[in-house]
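Have a look at the structure below before the remarks.
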Amino acid sequence: MAGRVESATAGLVWRQLDHWRVRWRRTWRGSAVTTFVLPVLYLLAMGVGLGAYVDEGGPQASLGGVNYLDFIAPGLLATSVMQTAVGASTWPVLGAIKWDKTYFAMIASPLRPRDVLLGNLAFVAARLLMTAAVFWLVLLLFGVVALPWALLAIPAGVLIGMAHATPLFALSARLERETGFMLIYRIGVVPMFLFSGAFFPVSQLPDPLQWLTQLLPLFHGVELVRALTLGRPDLLVDVGHVAYLLLWCVVGLALADRSLARRLGG
Amino acid sequence: MGGDEALVEARGLRKSYGAVEAVRGIDVTVRRGEAFGFLGPNGAGKSSTMRMIAAVSPPSGGTLRVLGMDPTDDGPAIRSRLGVCPQEDTLDSELTVRENLLVYGRFFGLSRPEVARRADELLAFVQLSDRAGARVEQLSGGLKRRLTVARSLINEPEMLMLDEPTTGLDPQARHLLWDRLFRLKQQGTTLLLTTHYMDEAEQLCDRLVVIDEGVIVAEGSPAQLIRDHSSREVCELRFGADDHQGVAERIQHLGERLEVLPDRLLVYAADGEAVAQAVHEGGLTPRSTLVRRSTLEDVFLHLTGRSLAE
Chain A
0 MAGRVESATA GLVWRQLDHW RVRWRRTWRG SAVTTFVLPV LYLLAMGVGL GAYVDEGGPQ
60 ASLGGVNYLD FIAPGLLATS VMQTAVGAST WPVLGAIKWD KTYFAMIASP LRPRDVLLGN
120 LAFVAARLLM TAAVFWLVLL LFGVVALPWA LLAIPAGVLI GMAHATPLFA LSARLERETG
180 FMLIYRIGVV PMFLFSGAFF PVSQLPDPLQ WLTQLLPLFH GVELVRALTL GRPDLLVDVG
240 HVAYLLLWCV VGLALADRSL ARRLGG
Chain B
0 MGGDEALVEA RGLRKSYGAV EAVRGIDVTV RRGEAFGFLG PNGAGKSSTM RMIAAVSPPS
60 GGTLRVLGMD PTDDGPAIRS RLGVCPQEDT LDSELTVREN LLVYGRFFGL SRPEVARRAD
120 ELLAFVQLSD RAGARVEQLS GGLKRRLTVA RSLINEPEML MLDEPTTGLD PQARHLLWDR
180 LFRLKQQGTT LLLTTHYMDE AEQLCDRLVV IDEGVIVAEG SPAQLIRDHS SREVCELRFG
240 ADDHQGVAER IQHLGERLEV LPDRLLVYAA DGEAVAQAVH EGGLTPRSTL VRRSTLEDVF
300 LHLTGRSLAE
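Listed in order, the protein sequences are those of chains A and B.
The opening residue of the first sequence carries number 0 in numbering that gives the first Met the number 0; numbering runs sequentially from there.
The opening residue of the second sequence carries number 0 in numbering that gives the first Met the number 0; numbering runs sequentially from there.
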């Protein structure tokens, strides 16, 4: 019985392919350019420009003995997929509920709220894959990826993105007004971006802040991607990062499922 | 496929949102091929009822069968055979007119060539073929509504549900839409619609229920409802003075029934002209006098003491 329900869901999610394909076709060019240009600018300004000062007198021990460019390149990949995830799971979700109301059109067809959620998240995952892959190519151009481990930074990027997208989807599905997003950006996204170890080691932070940072999925994402692009993963530690990110995905998915079902099916 | 087959059967149907009871126990049967209407003011419980029938909102109580199935358990199967035209547009504004149909048809499991064929037919049906490549956000309200109707027909539904189909449309757009709906009815599509426009109900519905504060207060064909709950004619009188109540007492005996509205008096009688004449002979001089046939508006006023449009 459970098997029958499962396969029905897969079929109903698949039926959304054209919907998301057409939307993608409308927007991918613009986002591809930003996805490519922004990392180049960041890496030039911070990795190369700022890095020249940081690396004066040789690589810093607190950076793990690597150049600043090598240090922040994976951090930028992780923060970049996080930002893509935030963008894709906030305004568009509320828009499909409140402005265009496209979710309501979708559930008037055979699709159920859960199918709509899974279809939308599959689309988010595809966007994350593009962001991570393009960013990875930029890193390759800058010569800061150690193959073959670094290849895994791409799926890791998708995982990091989904760990943010699923709980934010849940939150967006509950919001009444878009003003909530401003708050999420100011007290959530921006501090997380700055203090999750992408730009400097979190060991520089006071202890309580270090603990707080380590609760955030982004910190684990940054550490994971860095281990991969530097080509020196520590199996136990990095499996731990993956498990923690997966936990956010699973809990986020369960919350999003409940939130959307409640919002659409009242 | 007999004419008596019930597509919707509701018994004691209820819907609550927290402490608010939107639908308070209604019995409705909609048969294949008929055009059935829910007539009532905003907030009467029409949209809540429609959402339950459309299998997107579970009933809070009572029983409901749609196409012979239970909407709580068989939602996808029911929805695959329904067309839904919601009150507020739910079109994808980033896509073109035609793309909206193409992607929506795929939700029903239709193949791409099949969806493309139906999309072109439906665009012709709602007279939007020349706008096929336009972005939805560039369309007027009337065109958007026509596109929504086209989209709701992409799965060739057995029953088309329309929630306030012409609210907010200009008269020309309304008449075009009514014409299209009438054609669908001729082709055998069952129509289920809500409206707070009595003329819409009279134009489109074979049978309707008058719904107010979550309960059904009357049921029948438009003509039958008027016969049962109103007089044949109405004499509308407007007096300049604010003393409507005083005037009302003086002319009470002239009709079967009298309603005092803020701006006019309505005298219900079989012969409206006779009432108008008697008013004048009684020495009263209304600023204006209008004799007309009774409408569903009068039925509603009589049944609830309130008018339909706020």
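Ideal Cβ placement from N, Cα and C applies to all residues, glycine included.
Helix, strand or coil at residue i according to DSSP, with G and I counted as helix
i: A/F199; result: coil
i: B/S324; result: The requested residue 324 of chain B is not part of the displayed model; chain B covers only 0 to 309.
i: B/I215; result: strand
i: B/I25; result: strand
i: A/V47; result: helix
i: B/E309; result: Low confidence applies here, because B/E309 scores a pLDDT of 48, under 50, leaving its location unreliable and the question unanswered by this model.
i: A/D69; result: helix
i: B/T95; result: strand
i: A/M0; result: Low per-residue confidence applies at A/M0: pLDDT is 37, beneath 50, and the placement is therefore not dependable enough to give any value.
i: A/Y184; result: helix
i: B/T84; result: A small fix is needed here, since residue 84 of chain B is Cys in this sequence, not Thr. Strand, per DSSP.
i: B/Y196; result: coil
i: A/W27; result: helix
i: A/C248; result: helix
i: B/G108; result: coil
i: B/D129; result: helix
i: B/T165; result: coil
i: B/E258; result: strand
i: A/R14; result: coil
Own chain, CB closer than 6 Å to residue i, minus 5 neighbours either side, in chain order
i: A/A107; result: none
i: A/L128; result: V157
i: B/T294; result: M197
i: A/E5; result: Unreliable positioning characterises A/E5 in this predicted model, as indicated by a pLDDT of 49, which lies under 50. The coordinate reading is nonetheless provided below. Closer than 6 Å at Cβ, skipping near neighbours: no residue.
i: A/G2; result: Caution applies to A/G2, whose pLDDT of 41 falls short of 50 and renders its modelled position unreliable; the value that the coordinates give is listed next. Same-chain partners within the cutoff: there are none.
i: B/G239; result: R286
When the options are compared against residue i, the one with the closest alpha-carbon
i: A/V144; options: A/V115, A/V224, A/R14; result: A/V224
i: B/M160; options: B/I25, B/V83, B/L122, B/Q137; result: B/V83
i: B/R116; options: B/D129, B/V246, B/R256, B/R97; result: B/R97
i: A/G265; options: A/I96, A/D237, A/G57, A/W19; result: A/I96
i: B/I210; options: B/V125, B/A277, B/L63, B/L12; result: B/L12
i: B/L257; options: B/Q276, B/E272, B/P170, B/C234; result: B/C234
i: A/V201; options: A/P112, A/G57, A/G63, A/G56; result: A/G63
i: B/E157; options: B/A9, B/E212, B/G32, B/T303; result: B/G32
i: B/L302; options: B/F35, B/P40, B/E163; result: B/P40
i: A/F198; options: A/G10, A/F35, A/I183, A/S79; result: A/S79
i: B/A43; options: B/V208, B/L260, B/E272; result: B/V208
i: B/V114; options: B/L101, B/V125, B/F124; result: B/L101
i: A/S61; options: A/Q213, A/L170, A/L204; result: A/L204
i: A/A172; options: A/R126, A/D256, A/T228; result: A/D256
i: A/I183; options: A/A51, A/L140, A/W90; result: A/W90
i: A/F141; options: A/A242, A/Y67, A/R25; result: A/Y67
i: B/L236; options: B/A149, B/L289, B/D91; result: B/L289
i: A/A125; options: A/L263, A/A31, A/P73; result: A/A31
i: A/G196; options: A/I186, A/R185, A/L208; result: A/L208
i: B/A149; options: B/L183, B/R134, B/P170, B/Q137; result: B/L183
i: B/T284; options: B/F299, B/H243, B/L260; result: B/H243
i: A/T165; options: A/D54, A/V53, A/C248, A/R262; result: A/C248
i: A/L136; options: A/L174, A/H240, A/Y52, A/F35; result: A/F35
i: B/A21; options: B/R50, B/V7, B/G36; result: B/R50
i: B/A273; options: B/I250, B/L260, B/F35, B/T147; result: B/I250
i: B/V27; options: B/S15, B/G17, B/A5, B/V55; result: B/A5
i: B/R291; options: B/L265, B/G304, B/V278; result: B/L265
Contacting residues, own chain, Cβ-Cβ under 8 Å from residue i (five flanking each side not counted)
i: A/M81; result: I159, G160, H163, V188, M191, F192, L217, G220
i: A/D17; result: none
i: B/L168; result: G140, G141, R144, L176
Neighbourhood of residue i by C-beta distance below 7 Å, restricted to the same chain and skipping five residues each side
i: A/G230; result: A145, W148, A149
i: B/Q202; result: W177
i: A/L244; result: L158, I159, A162, P216, H219, G220
i: A/G118; result: V12, Q15, W19
i: B/D3; result: R30
i: B/Q86; result: S46, D162, E163, T166
i: B/G1; result: Below a pLDDT of 50, predicted positions are generally treated as unreliable, and B/G1, at 49, falls in that range; the measurement from the model is reported next regardless. Taken in chain order, the list of residues that qualify is empty.
i: A/D237; result: L223, A226
i: A/M0; result: In this prediction, A/M0 has a pLDDT of 37, which is less than 50 and means its spatial position is unreliable; what the coordinates show is noted afterwards. None.
Anticipated Cβ contact below 8 Å, residue i with residue j, distance rounded
i: B/A269; j: B/R231; result: 5 Å
i: A/L76; j: A/F134; result: 5 Å
i: A/P112; j: A/A260; result: 4 Å
i: B/V214; j: B/I25; result: 7 Å
i: B/E248; j: B/Y267; result: In fact, because the Cβ distance is near 16 Å, the residues do not count as touching under 8 Å.
i: B/T71; j: B/P57; result: 5 Å
Stretch pair the stretch 96-105 of chain A + the stretch 36-43 of chain A: three plus CB contacts closer than 8 Å: no
Contact between the stretch 146-165 of chain B and the stretch 98-117 of chain B (3+ Cβ pairs under 8 Å): Three or more Cβ pairs closer than 8 Å define a contact, and the stretch 146-165 of chain B meets that threshold against the stretch 98-117 of chain B.
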